[in-house]
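Everything on this sheet refers to the single structure shown next.
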Amino acid sequence: MTGRARGVGGSVLRPDGLAKAGGTFVYAGDLSAPGMLHARTLRSPHPRARIRRVDTAAALRIPGVAAVVTAVDVPGVATYGLIVADQPVFAATETRYAGEPVAAVAAVDAPTARRALAAVEVEYEPLPPLVDPEVAAGPGAEPLHPDGNVFREITLRHGDPDAVGPVVVEDSYLVGMQDQAFLAPEAALVVPAADGGVDMWLATQWLHSDREQIAACLGLPEELVRLELAGVGGAFGGREDVTLQVHGALLARATGTPVRIAYDRVESFLGHPHRHPARMWFRHTATEAGDLVSVHARIIMDGGAYASSSPAVIANAVTHAAGPYRVPNARLDGLVVRTNNPPCGAMRGFGVPQVTIGHEAQMDRLADRLRMDPVGLRVRNALQPGDVLPTGQVLGPPLPAREAIEAVAARPLPAALTAASPVTARPGGRGAHADLARVRRGVGYALAYKNLLFSEGFDDSSTARARLELDADGRPVATIHSACAEVGQGFVTVAGQIARTELGVDEVVLRPADTGVGSAGSTSASRQTWMSGGAVRGACVAVVDRLLARVARRLGLPPEVVEAPRRALVITGGEIVGAETGTRLTLAEALAEGPVEAEHTFHHRRTTALDAHGQGDPHVAFAAAAHRAVVDVDLDLGLVRVVSMALAQDCGTVLNPLSLRGQVEGGTAQGLGLAVMEELVTVDGVVTNPTLHDYLLPTTADVPALDFVALTYPQPDAPYGVKGVGETPTCTATAAVLAAVRAAVGRDLRRVPVRPGDLVDLADPVDPLGGAPYLGNKAAWGQPGEMERG
Amino acid sequence: MTTPGGPSTALHRPGTVGEAVAALAAEARAGRPVELLAGGTDLVPALRTGTRPPAAIVALRRVLELRVRGAGADTLTIGAGVTYTELAGWSLSPGLAATSRVVGSVQIRNCGTVGGALGSANPRGDLLTFLTAAQAEVLLTSEDGSRAAGLDDFLSAGRLPGELVTAVRVPRPSGPQTYLKIGGRQAAFPSLVSCALLVDRVRERVCCAVGGVAARPWRVAEAERLAAADVDWSTGTAPAALARRFGELAAAGVRAASPLGEDPRHPLEYRVHAAGVLAARAFARCLTARSAPRRESAP
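As you go down the protein sequences, you meet chains S and Y in turn. The C-terminal residue of the first sequence carries number 790 in UniProt numbering, and the numbering is unbroken. The C-terminal residue of the second sequence carries number 299 in UniProt numbering, and the numbering is unbroken.
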């Protein structure tokens, strides 16, 4: 293909696609160095315990053990964290969740390291854990940390907080803890450097944030901590926090030897923060005609033991709690609480999937109450650009929410299940052999919007460098250098496409992402194509400007052309052409006198923090999506099979249709997983299913082919008009499947993932919310006056 | 790459049952904990996480004697090294075939063995549930000789030190058989609740076991008695109402058993209910007039 065909807009293949499909791609866990040591982590079995004593002497006596490090070996800051540094590198005097690191060992091989872990003596005094967020935030609850038990509380008031419409629906909903469950567990290779620093190859989402936290804990200047991205096998938010980085660096520095530190599957489930479990209460009121009058919501999220991204997640949950609907009056309250459960943080959707489950269940109930079509009710209330959001922010264009729900509703429905359908197409598959007469089909819809990029005044810039030069054979080649973490989203593809389009070259080399260039920010928040794509484009544009100016100067073109060479010269088909000036020379000729290089830092428009009433201009932009799910339910067993998923999504300009498809299919599958199977279960703070045997992910037998419609209105302030696409479908998929199950079984559902026992008539049914129709603990909210039921 | 159990783990790779039991005996005499390795579907993950650190491993893949299955006049004998994939296509035992087809994923079925299912003795295990209904016998060999044990006795007492499970023996089928199971997704899932049902047209009885509810696969005797009494044995059929009643009795029977540990997502109440549904479904599949006797091959 030519540079143009492999530029922006084409379904260019991933440069690493074949290696990944063929099993030759090198992931972080595959790295090795001569003489390296193997490191493993000792974790607390107790969700809460005082540590009376840690004795590493016996472990150190084991032949082959090179080092054991604990809290006393941390030379710098003892804690780290993405927003607040409240998480100890190692628990020192108290452990706050089951799985918290207490020590790490390095040994000549992994089995020896494992034996050493067993030999580290830790004397715990177990304390009663606080695992209920409403209790942990309540009066008299013992503080679990010097920072207290409330990570953040948001009270949003919009319009007339007392306004209510004549039609009222209200209920509470429960969302379980989903795990990112990326397939390549955490791993890093750390090499101590002669200058006293460390070089680290690792799988992460944000190299520079890792570096800042690692350097602080090591007590080193940042320039002595050099990070390079190693092959990442999925992330979904779960690699945004530091996990094994500091431990590996401490061991490498203690031993003066390269250290490979890696988690196994169980440790991976315990090692990174998960999606926040949520308890949510909603009350929607509307006119008889079906116009929303008010939305009241209270959301309690369990942040687990440490802050991670909790303060930002709750802001997303609260500001999106009313959904993509015109809501003149809103009271939206959110609280995220510290408990002795595993820490929760970033995961695809970042607080929005939880509230979408709630607001969409409410919209379905409202439609029932009004005897309206659920699609019609959503169309009637869907936000349009220019509408005012509950934060007071004015919605900028484009946001085709109405079009999205109309588009999925118009898609053809799948054929009914018949006796001729294979048994594997019935709910429960081959083993359940569902009785066709007892299988009921349901159709459900969900509409949502999700913010793009970082919010609340954060200037999350991205820097990239571009260089254009001749290779050894005299052909022009572009080199792009960005610290953007490729975690599967396709930046490595799109960066090359952008460079080819802007520079008019075929050959683009993407340098490894490392800390040798400025920060690209996190690969999260649907931001990298926009932000780092913008940085790459800006750097390429600057390279072109410099090259054209150089050409204009060399050819002695008039000063006004030298000043603004793009007015007279263009790069096309590998040549620099100027019609007015009669210029025509090849890129190779233009580059003969040397390379051209430029760096660009891209910023999005500024946003503002939320004020005391949750008002502001907090989000850069939004993307909308609608899913229609069709399910079959075995009414006798409560088993669900998702028959079809249709998605219409607001995508902005599409830079790579194939990449886009990958993102929306993956997002749909992950949302489907939360709806019907994915739940990390804790009992008294201890995870009971930390394996892929017990934590089930959807397989190809569970995820139907996606019927996808891309809505492609350019985003005016984004490069090429792009929008981020990775998170939005995750927000709607869960809610749509839930709505379809509700339609099939004819009962309101209050818990996600839906459990088969919730769908059948049991003699002694279990109420997921313990019978409480409202989130009861008034004192937990700090404003008792706000908590009345009416 | 390091040795699975670490450099200090002794690895035995016998070629015959005799060599295997000699290795087991030697390790038993030395008092060292030893693990048997066949398909490795349970042991290898445990070695990786370090939860089972054995001093010695006896790897059985080279013991070809264990990979044989055969039919006698009244019984089928399945070597401990036979895999699920091999059983999934075995026409002589439709019940074993049905069970094996729904075990785990293709990869697990290719590796996992009959001996492994008995060794791990997962109380929810698919094969264990079927073998309970089939009244299987377990054949064991040690340096002192061979013996046969009833499955229940085997599950209660386990292997003696130095013993190797060499095969299981089940009666030859004399009627329709089926195995149903449910779990967390459409395919490739561990059993949550399961039901094995075998119709014996010669002895005019039905054998049915439920997995995932009681502390071990549970024979539902009351339901079996109802079937023996009320099935029309001249045709081997029963009306739909009898299937429902059979399911109710099966649920009641398993409810009375000592329960498996609590599952936070799937309360006992649901699992008992599901057991009843599966038992009724299995009964109907094997005994309704419309379709019985039915081959187990899925539509």
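Glycine included, every Cβ here is placed at the ideal spot set by N, Cα and C.
Residues near residue i in its chain [Cβ-Cβ closer than 7 Å; skip 5 each side]
| i | result |
| --- | --- |
| residue 630 of chain S | 413, 414, 441, 443, 643, 644 and 740 |
| residue 277 of chain Y | 247 |
| residue 224 of chain Y | 205, 206, 207 and 208 |
| residue 241 of chain S | 82, 272, 273, 308 and 345 |
Residue closest to residue i, alpha-carbon to alpha-carbon, out of the options
| i | options | result |
| --- | --- | --- |
| residue 446 of chain S | S/463, S/409 and S/419 | S/409 |
| residue 133 of chain Y | Y/180, Y/229, Y/234 and Y/85 | Y/180 |
| residue 61 of chain S | S/498, S/71 and S/106 | S/106 |
| residue 733 of chain S | S/693, S/675 and S/719 | S/675 |
| residue 113 of chain Y | Y/215, Y/239 and Y/39 | Y/39 |
| residue 713 of chain S | S/725, S/34 and S/705 | S/725 |
| residue 609 of chain S | S/134, S/295 and S/312 | S/312 |
| residue 300 of chain S | S/136, S/424 and S/427 | S/136 |
| residue 467 of chain S | S/452, S/541 and S/419 | S/541 |
| residue 485 of chain S | S/102, S/159, S/228 and S/758 | S/228 |
First and last residue of the uninterrupted beta strand (DSSP E) at residue i
| i | result |
| --- | --- |
| residue 791 of chain S | Here chain S covers residues 1 to 790 and nothing more, so residue 791 of chain S does not appear. |
| residue 145 of chain S | Element bounds for residue 145 of chain S: n/a, residue is neither H nor E. |
| residue 18 of chain Y | Looking at the DSSP string, residue 18 of chain Y is not in any beta strand (DSSP E); the run it does join, the alpha helix (DSSP H), is 17-30. |
| residue 75 of chain S | Counting along the chain, residue 75 of chain S falls outside any beta strand (DSSP E), and DSSP gives it neither H nor E. |
| residue 200 of chain S | 198-202 |
Per-residue DSSP class, three states only, for residue i
| i | result |
| --- | --- |
| residue 813 of chain S | The structure shown does not extend to residue 813 of chain S, since chain S is modelled only from 1 to 790, so the question has no answer here. |
| residue 723 of chain S | coil |
| residue 526 of chain S | coil |
| residue 173 of chain S | strand |
| residue 333 of chain S | strand |
| residue 311 of chain S | helix |
| residue 273 of chain Y | helix |
| residue 184 of chain S | coil |
| residue 747 of chain S | coil |
| residue 83 of chain S | coil |
| residue 113 of chain Y | strand |
| residue 156 of chain Y | helix |
| residue 291 of chain S | coil |
| residue 122 of chain Y | coil |
| residue 202 of chain Y | coil |
| residue 142 of chain Y | strand |
Own chain, CB closer than 6 Å to residue i, minus 5 neighbours either side, in chain order
| i | result |
| --- | --- |
| residue 216 of chain S | 76 and 77 |
| residue 71 of chain S | 90 and 92 |
| residue 85 of chain Y | 109 and 110 |
| residue 4 of chain Y | Because the pLDDT of residue 4 of chain Y is 48, which lies under 50, any placement of that residue in the model is unreliable, and the question is left without a value. |
| residue 15 of chain Y | 62 |
7 Å Cβ cut-off: residues of chain Y touching residue i
| i | result |
| --- | --- |
| residue 264 of chain S | 48 and 49 |
| residue 433 of chain S | 180, 281 and 285 |
| residue 636 of chain S | 277 |
| residue 693 of chain S | 190 |
Chain S contact residues for residue i, given Cβ-Cβ distances below 9 Å
| i | result |
| --- | --- |
| residue 33 of chain Y | Within 9 Å Cβ-Cβ: nothing; residue 33 of chain Y doesn't reach chain S, min ~14 Å. |
| residue 216 of chain Y | Neighbours of residue 216 of chain Y on chain S: none; closest Cβ ~20 Å, over 9 Å. |
Residue i: contacting residues in chain Y (beta-carbon distance under 8 Å)
| i | result |
| --- | --- |
| residue 677 of chain S | 184 and 185 |
Contact set between residue i and chain S, taken where Cβ atoms lie within less than 7 Å
| i | result |
| --- | --- |
| residue 264 of chain Y | 681, 683 and 688 |
First through last residue of the alpha helix (DSSP H) which encompasses residue i
| i | result |
| --- | --- |
| residue 496 of chain S | 491-503 |
| residue 48 of chain Y | 43-49 |
| residue 381 of chain S | 374-381 |
| residue 126 of chain Y | 126-133 |
| residue 430 of chain S | 429-432 |
Same chain only: Cβ atoms within 8 Å of residue i, ignoring 5 sequence neighbours per side
| i | result |
| --- | --- |
| residue 144 of chain S | 48, 96, 130, 136, 305, 338, 339 and 340 |
| residue 183 of chain S | 233 and 234 |
| residue 606 of chain S | 457 and 459 |
Contact list for residue i against chain Y, beta-carbon separation under 9 Å
| i | result |
| --- | --- |
| residue 760 of chain S | 270, 273, 274 and 277 |
| residue 764 of chain S | 267 and 269 |
Partner residues on chain S for residue i, Cβ-Cβ distance less than 8 Å
| i | result |
| --- | --- |
| residue 188 of chain Y | 699 and 701 |
| residue 147 of chain Y | Per Cβ cutoff of 8 Å: no residues; residue 147 of chain Y is ~33 Å from chain S at best. |
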